[in-house]
Amino acid sequence: MLMLHISDIHFKHGEIGYDDDPNRGLRDDLVHDVRHMRTRLGSSSMILLSGDIAYAGRKDEYDFAYSWLLNDLCPAAGCEIENVLSIPGNHDVDLKAEDNPAFEAARRDLRATKPADVDRKLVKWLHDPFASQILFGPLENYNRHFAAKLLCPIGPYNIRGKDGKVVENVSKPYVRRDVELNDGSTLRIWGFNSVLVSDLSDAENTMLVDPAAAQITRADGVAHLVMCHHPFNWIKNRVPFQERMEGVVQLQLFGHEHTERVDEHRYFVRVRAGALQPDRDAPGWRPGYNWIDASVAEVEGRRKLRVKVWARAHEVDHFTPVFDRNQNEAHENLLDLPAWQRPRQPARIERNEDEMAEAAPEAMELLPMVEPPKPVTVRSVATKIFRLREPEQRRLIAQMKLDETGDNDLKDYEVAIAAVRRAARRGDLAELNREIDAILADEGR
-9 MLMLHISDIH
1 FKHGEIGYDD
11 DPNRGLRDDL
21 VHDVRHMRTR
31 LGSSSMILLS
41 GDIAYAGRKD
51 EYDFAYSWLL
61 NDLCPAAGCE
71 IENVLSIPGN
81 HDVDLKAEDN
91 PAFEAARRDL
101 RATKPADVDR
111 KLVKWLHDPF
121 ASQILFGPLE
131 NYNRHFAAKL
141 LCPIGPYNIR
151 GKDGKVVENV
161 SKPYVRRDVE
171 LNDGSTLRIW
181 GFNSVLVSDL
191 SDAENTMLVD
201 PAAAQITRAD
211 GVAHLVMCHH
221 PFNWIKNRVP
231 FQERMEGVVQ
241 LQLFGHEHTE
251 RVDEHRYFVR
261 VRAGALQPDR
271 DAPGWRPGYN
281 WIDASVAEVE
291 GRRKLRVKVW
301 ARAHEVDHFT
311 PVFDRNQNEA
321 HENLLDLPAW
331 QRPRQPARIE
341 RNEDEMAEAA
351 PEAMELLPMV
361 EPPKPVTVRS
371 VATKIFRLRE
381 PEQRRLIAQM
391 KLDETGDNDL
401 KDYEVAIAAV
411 RRAARRGDLA
421 ELNREIDAIL
431 ADEGR
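Numbering (the numbering used here), first residue to last: -9 to 435.
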């Protein structure tokens, strides 16, 4: 499983879209290096973004970021846009929303709570239908204009209508995705939100991570990768989080701190991405990103997770390797895994419904030299439905009877996501995909 790990892109209003954007050449160097590394390592199966996509949480910053991913980075990496997974960072918080008195009161209350008590208080906030909206309100631009298009919005556990009943479980306070490793086992990728409270006064030991991050559970044939924007030293409720990570999670990815580093331990590897576009006035300005490969190997009769990290750092007009202590380009580690054998029947692993797919019709009848059609998945259709305008989405959802009572309590992007998931549950995903394609074709999009 080959992955691209990028963090702290900081697309900035007033710079993006102009020929004199100070990071335009840097992004060109990155795309050029990604193409070069792809010829050596192969196409990336996933792109992991560990926060700070934007600079001030603005719509235009997210629009530019999504366009850049779709048209530049994903093609260079050989990765489909639906295989991008993102979590928010502190720069993804809408600065204007921070001034809201309710948001300000929430930050003050939670930050004043003792570390030993803060998780209990956070759970109450996260499960309350009204209080939870206060926590996630400053991330509305991030969700609406970026994360929803990648099917990884961050939000309350359940969306509830005015009557208090659950309308649709559109999002959670974290993101999760399961991918298959080379031996048929699972790499479970988690993305946790460390900006439940965030403003210009953010400092070490003041950030709060979702308490679910300390409750990751083991499963047969499952290895874990966790992505979080803030490293432990920034997180107030870090103790249970760090203890669980070091006990259960094999691969740990962080952003925020702009120095690139690979920490190698016996049971886990911890990676800081560096920043793709750090502040040029910061000391030691050196943009960076990572390629990461995870696979299962058998060594002396024992299962191991082989983790390879190719850390890349910018020098003048190109990216160069960041070597390990033995001057190897790849930081390679073998981590112990429990014994496991692929069952004859598919393993009963708890799957996210977004992994649902419908095979393309007549795919088996194609000639061997012809590449078969890509499977129609919840992710591919969700990504595509956001290419429609909102009125087009609404008409199509009504036409296919994918709307339900209570949808009026959902935001427009939540309705679109809910409709795609309903189509999958009803076996209508392929039909929805065809209808979207027809609308896009009629308008030449």
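A virtual CB, placed ideally from N, CA and C, is assigned to each residue, including glycine.
The model shown is predicted, which means the values in this text are computed figures rather than measured ones.
Three-state secondary structure assigned by DSSP to residue i
i, result
"Cys142", "coil"
"Ser33", "coil"
"His214", "strand"
"Glu355", "Its pLDDT being 43, under 50, Glu355 is placed unreliably by the model, and nothing is read from it."
"Arg293", "strand"
"Ala301", "strand"
"His81", "helix"
"Ala193", "coil"
"Pro91", "helix"
"Ala349", "The predicted position of Ala349 is uncertain, since its pLDDT is 46 and thus under 50; no value can be drawn from it."
"Gln441", "Absent from the structure is residue 441, since the part of the chain shown begins at -9 and ends at 435."
"Ala284", "strand"
"Leu327", "coil"
"Leu100", "helix"
"His255", "coil"
"Gly376", "One detail in the question is off: residue 376 reads as Phe in this sequence, not Gly. Phe376 falls in the coil class under three-state DSSP."
"Phe126", "helix"
"Glu247", "coil"
"Phe231", "helix"
"Glu170", "strand"
6 Å CB neighbourhood of residue i in its chain, flanking five on each side removed
i, result
"Ala213", "Leu177, Gln240 and Leu295"
"Gly145", "Phe126 and Ser161"
"Phe182", "Tyr164, Val199, Asp200, Ala203 and Cys218"
"Pro351", "Unreliable placement is indicated for Pro351, whose pLDDT of 41 sits below 50; no coordinate value is reported for it."
Pick from the options that is closest to residue i, judged by C-alpha positions
i, options, result
"Pro119", "Ala87, Pro163, Lys139 and Ser184", "Pro163"
"Arg293", "Ala409, Leu325, Met27 and Glu319", "Leu325"
"Asp13", "Gln317, His304 and Leu430", "The sequence given here has Asn at residue 13, not Asp. Among Gln317, His304 and Leu430, the Cα nearest to that of Asn13 is on His304."
"Leu386", "Ala414, Glu421, Asn398 and Lys364", "Glu421"
"Thr196", "Trp224, His220, Glu170 and Asn183", "Trp224"
"Ala329", "Asp314, Glu290, His321 and Asn183", "Glu290"
"Asn318", "Pro333, Arg302 and Ala55", "Arg302"
"Glu247", "Thr29, Arg412, Gly41 and Glu5", "Gly41"
"Gly211", "Ala137, Thr310 and Pro333", "Pro333"
"Asp107", "Gly264, Glu88 and Pro230", "Pro230"
"Asp173", "Leu327, Arg377 and Lys391", "Leu327"
"Glu499", "Arg134, Arg28 and Glu288", "Because residue 499 is not part of the residues shown, which for the chain are -9 to 435, the question remains open."
"Leu31", "Asp50, Pro143 and Ala67", "Ala67"
"Ile43", "Ser(-3), Glu194, Gln389 and Ala121", "Ser(-3)"
"Asp84", "Arg48, Pro311 and Ile6", "Arg48"
"Leu378", "Lys364, Asp402 and Gln331", "Asp402"
"Glu94", "Ala121, Lys104 and Asn73", "Ala121"
"Arg256", "Glu236, Ala409, Arg384 and Lys364", "Glu236"
"Tyr132", "His0, Gly7 and Trp281", "His0"
"Arg415", "Leu392, Asn398 and Ile429", "Leu392"
Nonlocal neighbours in the same chain, by C-beta distance under 7 Å from residue i, ignoring five residues either side
i, result
"Ile71", "Leu59, Leu60, Cys64 and Thr373"
"Asp427", "none"
"Arg208", "Val238"
"Tyr56", "Phe136 and Lys139"
"His117", "Tyr147"
Contact under 8 Å by Cβ, residue i with residue j
i, j, result
"Leu75", "Leu(-8)", "no"
"His3", "Tyr52", "no"
"Asp19", "Asp432", "no"
"Val299", "Val259", "yes"
"Leu112", "Leu100", "yes"
"Cys204", "Arg251", "The amino acid occupying residue 204 in the given sequence is Ala; Cys does not appear at that position. No, they are not a contact pair."
"Glu254", "Asn323", "yes"
"Ile124", "Ala92", "yes"
"Leu215", "Leu171", "no"
"Val185", "Met36", "no"
"Val297", "Ser175", "no"
"Ala406", "Gln389", "no"
"His(-5)", "Val312", "no"
Other residues of its chain near residue i: CB distance less than 8 Å, five sequence neighbours each side excluded
i, result
"Asn423", "Val366, Ser370, Val371 and Lys374"
Original post:
Contact between the segment 177 to 189 and the segment 73 to 91: three or more CB pairs below 8 Å?
Top reply: Verdict: yes, contact present.
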